[in-house]
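Notes to accompany the following structure.
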Amino acid sequence: MKAYLSVLTVLGWFALIAQFCITISSGIAPPVEIIIQYFSYFTILTNLMVAVCCTTLLLRPRSRWGDFFSRQTTRTAITVYIVIVGIIYNLILRFIWEPQGLQRVADELLHLIIPVLFLIYWFLFVPKNKLGWSDCWPWLIYPGIYIVFTFIRGSFSGFYPYPFLDVTKIGFEKALINSAGIAAVFFAVSMLFIALGKWSSKKVVSN
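Take 8 as the starting number for the sequence shown in the working numbering and just add one per residue.
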């Protein structure tokens with residue numbers, strides 16, 4: 008498992024740093040605003056969560072944070088988040104631009120390779136016998152806060168990181184409907200992973 012975590016850690020930090028350097032060098036806004044915009048993407052925040060989780064479990068597994076990230080509910084929640092990053096990007100956003108060079112590498116890592124690798128990590132290495140149906144509710148807090156923050160900051164800055172949340176282009180009502188749809192996706196995927204966890208745990212016990 009350590010070798011697998013090492014690969015995930017290296018790829019995760021490489022992708023995040025590469026994307027940060029690309030964003031900073033773009034010069035599309037003042038440096039402080041560019042940094043804020045970089046951290047305004049759910050993709051970045053969630054991949055950062057994956058990188059911190061893997062790094063902590065690899066280097067400080069017995070620390071307080073190591074205990075937090077070793078919990079079944081924590082790692083399953085992170086899996087839900089990063090899988091949804093991959094789903095939404097590859098179904099909705101992939102076709103609206105064509106990144107090249109290092110941007111293409113970072114893009115594939117953040118939206119495809121790392122989500123798939125962390126999903127495999129969850130299937131192979133994360134115990135699932137303690138997952139319960141009620142776990143899904145706290146998992147919705149992070150995406151909920153993200154959406155609210157995006158709307159609030161966007162109302163002041165005019166910047167919305169995703170077109171399906173861009174009030175300036177699609178209107179608040181449509182953005183709100185899209186947000187409700189996204190919340191439904193998070194709930195459904197969360198329940199799916201809990202169901203998979205329960206099924207795999209029963210299968211292990213029966214064997």
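All residues carry an ideal CB built from backbone N, CA and C; glycine is no exception.
Are the stretch 30-42 and the stretch 145-152 touching, with three or more C-beta to C-beta distances below 8 Å?
-> no
Among 70, 9, 25, 148, nearest to residue 190 - alpha-carbon criterion = 148
With DSSP collapsed to three states, give me the class of residue 36.
-> coil
Which residues mark the beginning and the end of the alpha helix (DSSP H) in which residue 142 is found?
-> It is not in any alpha helix (DSSP H) - residue 142 carries neither H nor E in the DSSP assignment.
Look up residue 9 in the DSSP assignment and say whether it is helix, strand or coil.
-> helix
Who are the near neighbours of residue 172 in its chain, counting only those whose CB is closer than 8 Å to its CB and skipping five residues on each side?
-> 154, 157, 158, 161, 182, 185, 186
Secondary structure at residue 137, three-state DSSP: helix, strand or coil?
-> coil
Span of the alpha helix (DSSP H), counted from its first residue to its last, around residue 82 = 79-95
Collapsed DSSP secondary structure at residue 107 in the structure displayed = coil
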